[in-house]
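Asker:
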Amino acid sequence: MAAERYSCFLRFTLKPYWISAQQRAEAEKTFPLQENDTFVTLASLLCARLNGHNLERVMKIIYALWLTILCFGCGYGSSSKNTTPQPGVVPAITELSPDSANAGDPAFTLTVNGSNFNSNAVVKFNGTNQTTTFVTGKQLTAAIPASAIATAGTMPVSVTNPGRPASGGPYGDPGTKSETSNVMNFTVN
């Protein structure tokens, strides 16, 4: 089962106010900003002029807030990003058609029936990935070359749903793991 995802939007009404450069320096001593700190101040420096003379530089604080509040509000907490891939969808094979062939037969198309097949699922025949066509979430076909059935034996068949790569950003999706089905045997007489 995939983890539930929540999203939310928090709206703030911000009231700008003015502080002097000296007040800003004092505030930075009290609340120093460090790498990976969750306290953020967005500000713009303004330089006031009167009769062509520069006056004291002032800073307009646009807003300052603890981002942790926003993170908790969105269900992420204040911990670092989880980069561990989540479990993927596990496919299941219920039937192979045909389920046997004679050694030396020509190439053929194997139909694999089951469930939970992703559109990029791959059929593995005797340990080798085969060219696979997605039909539905319950059926795949695979082109099996003559060389794969040249000798008699039992050939294991499985289906793999490839994982999804992680997305970027501080709250990016950690992606999913690749998952492989149960094994069904194909007999070469």
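In numbering that gives the first Met the number 0, the protein residues as written are 0 to 188.
We treat Cβ as the ideally placed atom computed from N, Cα and C, and that holds for glycine.
Bear in mind the structure is a predicted one, so any value in this text is a computation, not a measurement.
Quick one: Cα of G136 to Cα of L109, how far?
Answerer: What you label residue 136 is simply residue 137 of the sequence shown in a count that begins at 1. What you label residue 109 is simply residue 110 of the sequence shown in a count that begins at 1. When rounded, the distance between both Cα atoms is 16 Å.
Asker: Enumerate in chain order the residues of its own chain whose CB-to-CB distance from E178 is below 8 Å, with the five nearest sequence positions on each side excluded.
Answerer: Walking along the sequence shown from the start, residue 178 turns up at place 179. For E178, where only same-chain residues beyond five positions count, the Cβ hits under 8 Å are P86, G87, V88, V89, P90, T159, N160, G162.
Asker: According to the neighbour-count rule (16 or more other Cβ atoms, all chains shown, within 10 Å of its Cβ), is V134 buried or exposed?
Answerer: Counted from its first residue, the sequence shown places residue 134 at position 135. Exposed, by the Cβ-count rule.
Asker: Tell me which residues share the same chain as P164 and place their Cβ nearer than 7 Å to its Cβ, disregarding the 5 neighbours each side in the sequence.
Answerer: On the sequence shown, position 165 is the one that residue 164 refers to. These residues qualify, in order along the chain: G174.
Asker: Can you round the beta-carbon distance between L139 and T132 to whole angstroms, since I take them to be within the 8 Å contact cut?
Answerer: Locating residue 139 in the sequence shown gives position 140, counting from the first residue. Locating residue 132 in the sequence shown gives position 133, counting from the first residue. Going by Cβ atoms, the distance from L139 to T132 rounds to 7 Å, so yes, they are a contact pair.
Asker: For the candidate residues V187, L95, E94, whose alpha-carbon lies nearest to that of A145?
Answerer: Start at 1 with the first residue of the sequence shown, and residue 145 comes out as number 146. Comparing Cα-Cα distances from A145 to each of V187, L95, E94, the minimum goes to V187.
Asker: Here's a check: name, in chain order, each residue in its chain whose Cβ is nearer than 7 Å to the Cβ of D152, leaving out the five neighbours to either side.
Answerer: In the sequence shown, residue 152 corresponds to position 153, counting from 1. In the sequence under discussion, the amino acid at residue 152 is Gly, which differs from the Asp named in the question. Excluding sequence neighbours, G152 sits near V187.
Asker: According to DSSP, is S114 part of a helix, a strand, or is it coil?
Answerer: Stepping through the sequence shown from its first residue, residue 114 is reached at position 115. S114: strand per DSSP, three-state reduction.
Asker: Check S146 in the structure and name its three-state DSSP category.
Answerer: Looking up residue 146 in the sequence shown gives position 147. Three-state DSSP puts S146 in a helix.
Asker: So, for Q33: in the same chain, excluding its five sequence neighbours on each side, which residues have a beta-carbon less than 8 Å away from its beta-carbon?
Answerer: Here residue 33 is taken as the residue at index 34 of the sequence shown, counted from 1. Per-residue confidence for Q33 stands at a pLDDT of 45, beneath the threshold of 50, marking its modelled position as unreliable; the derived number appears in the next sentence. Nothing listed; no residue qualifies.
Asker: Beta strand (DSSP E) containing A120: first to last residue?
Answerer: Against the sequence shown, residue 120 aligns to sequence position 121. Premise fails: A120 is in no beta strand (DSSP E) and is neither H nor E.
Asker: Given this structure, state the Cα-to-Cα distance separating S99 from N184, to the nearest angstrom.
Answerer: As a working mapping, residue 99 is identified with position 100 in the sequence shown. As a working mapping, residue 184 is identified with position 185 in the sequence shown. Each residue's Cα considered, the two are about 9 Å apart.
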